[in-house]
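*Asks:* Here you go, one structure.
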Amino acid sequence: MDIDKVFKALADPGRRRLLDMLHHENGQTVTALCEHMDMTRQAVTQHLQQLEGANLVAVIWQGREKLHYLNPVPLHEIYERWIGKFERNRLRALHDFKKKLEGDDHDKA
-9 MDIDKVFKAL
1 ADPGRRRLLD
11 MLHHENGQTV
21 TALCEHMDMT
31 RQAVTQHLQQ
41 LEGANLVAVI
51 WQGREKLHYL
61 NPVPLHEIYE
71 RWIGKFERNR
81 LRALHDFKKK
91 LEGDDHDKA
């Protein structure tokens, strides 16, 4: 995974909106996506191409229709690498604090 491409793709609010739309309803055509975007079809197509290049969107052809699907794997990898490890420490601290407040400093497994 080219993480720089993922972050570059996520840097644009229009591309994030497209991802949100695909999360809400996966498998949309460019025409369907354009209905909810305040930009030209060409601009939406360019944004989708960048999302595809970052592996955030997968395309499946169904006859003549090109359907766009959200690929959450790169987002999950970002979460695991940068976000999840910080959350674990915070959750552990909250757990320890709760036990201390309850007067139980030892975990009962």
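Going by the working numbering, the first residue of the sequence shown is number -9, and it counts up by one from there.
We treat Cβ as the ideally placed atom computed from N, Cα and C, and that holds for glycine.
Predicted model, so just to flag it, every value in this text is computed and none were measured.
Looking at the structure shown, is L60 part of a helix, part of a strand, or coil, going by DSSP?
*Replies:* Counting from one through the sequence shown, the residue named residue 60 turns up at place 70. In the structure shown, L60 sits in a strand (DSSP, three-state: E or B).
*Asks:* Would L38 and H13 be called neighbours here (beta carbons separated by less than 8 angstroms)?
*Replies:* Reading the sequence shown from its first residue, position 48 is the one you call residue 38. Reading the sequence shown from its first residue, position 23 is the one you call residue 13. Going by C-beta atoms, L38 is not nearer than 8 angstroms to H13.
*Asks:* So what does DSSP say about E77, is it helix, strand or coil?
*Replies:* By 1-based counting over the sequence shown, the position of residue 77 is 87. Helix.
*Asks:* DSSP three-state label for K89, please.
*Replies:* By one-based count along the sequence shown, residue 89 stands at place 99. Note: K89 maps to helix in three-state DSSP.
*Asks:* Leaving out five residues before and five after K98 in sequence, what residues of the same chain have Cβ atoms less than 8 angstroms from its Cβ?
*Replies:* Position 108 of the sequence shown, counted from the start, is the residue given in the question as residue 98. Confidence at K98 is low in this model, with a pLDDT of 49, below 50, so its placement is unreliable and the value that follows should be read with caution. Excluding positions up to five away in sequence, the list is empty.
*Asks:* Considering A(-1), what are the terminal residues of the alpha helix (DSSP H) in which it resides?
*Replies:* Position 9 of the sequence shown, counting from 1, holds the residue named residue -1. Note, A(-1): alpha helix (DSSP H), -7 to 0.
*Asks:* Relative to the alpha-carbon of N45, which residue among E67, A83, A33 has its alpha-carbon at the smallest distance?
*Replies:* Indexing the sequence shown from 1 puts residue 45 at position 55. When only C-alpha atoms are compared, the closest one is E67.
*Asks:* Which value, in whole angstroms, describes the spacing of the CA atoms of L91 and Q40?
*Replies:* By one-based count along the sequence shown, residue 91 stands at place 101. By one-based count along the sequence shown, residue 40 stands at place 50. Each residue's alpha carbon lies about 50 angstroms from the other.
*Asks:* Could you pull the DSSP bridge partners for I50 from this structure?
*Replies:* For this step, residue 50 is matched to residue 60 along the sequence shown. DSSP lists L57 as partners of I50.
*Asks:* Between the C-alpha atoms of R6 and F87, what's the straight-line distance to the nearest angstrom?
*Replies:* For this step, residue 6 is matched to residue 16 along the sequence shown. For this step, residue 87 is matched to residue 97 along the sequence shown. One C-alpha to the other measures close to 37 angstroms.
*Asks:* Along the chain, where does the alpha helix (DSSP H) containing Q40 start, and where does it finish?
*Replies:* On the sequence shown, residue 40 is found 50 positions in, with the first residue counted as 1. Counting along the chain, the alpha helix (DSSP H) containing Q40 begins and ends at 31 to 43.
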